[in-house]
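For reference, the structure is listed below as structure tokens.
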Amino acid sequence: MENHTYKKVELTGTSDKSLEAAVENAIEKASKTVDDMGWFEVIETRGAIEDGTVAQWQVVIKVGFTLKE
Numbered sequence: 093m094e095n096h097t098y099k100k101v102e103l104t105g106t107s108d109k110s111l112e113a114a115v116e117n118a119i120e121k122a123s124k125t126v127d128d129m130g131w132f133e134v135i136e137t138r139g140a141i142e143d144g145t146v147a148q149w150q151v152v153i154k155v156g157f158t159l160k161e
């Protein structure tokens, strides 16, 4: 088994649909510039309220990726 070194970055994803969509949006966007992402952890959840209803979900995640040799 190889030894790896990992790095974590913090991202905030948003969605007007759901918490899951907010996470997916953040990971999809990050995947355009960050290679070898392997896992994420949810750090914080929050949202915006407009006219008494949920207008937007906001999720802060940390994403781990493998550093290249």
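If you count the sequence shown from 1, position 63 lands on 155 in the numbering used here, and the numbers rise without skipping. From the three backbone atoms N, C-alpha and C, an ideal C-beta is built for every residue, glycine too.
Alpha helix (DSSP H) segment containing residue i, residue limits
i, result
"residue 99", "It is not in any alpha helix (DSSP H) - residue 99 instead sits in the beta strand (DSSP E) that spans 98-107."
"residue 115", "111-122"
Among the options, the one whose alpha carbon lies nearest that of residue i
i, options, result
"residue 130", "138, 139, 119", "119"
"residue 169", "104, 109, 135", "One cannot answer for residue 169 here, as it falls past the ends of the chain, which runs 93 to 161."
"residue 147", "106, 158, 99", "106"
Continuous beta strand (DSSP E) stretch holding residue i: start and end
i, result
"residue 155", "145-158"
"residue 126", "That residue, residue 126, is in no beta strand (DSSP E); it is neither H nor E in DSSP."
Beta-carbon proximity check, residue i vs residue j, cutoff 8 angstroms
i, j, result
"residue 126", "residue 151", "no"
Whole-number beta carbon distance between residue j and residue i, since they are thought to touch under 8 angstroms
i, j, result
"residue 137", "residue 111", "6 angstroms"
Residue i to residue j span [Cα, whole Å]
i, j, result
"residue 133", "residue 156", "9 angstroms"
"residue 97", "residue 154", "16 angstroms"
"residue 114", "residue 142", "18 angstroms"
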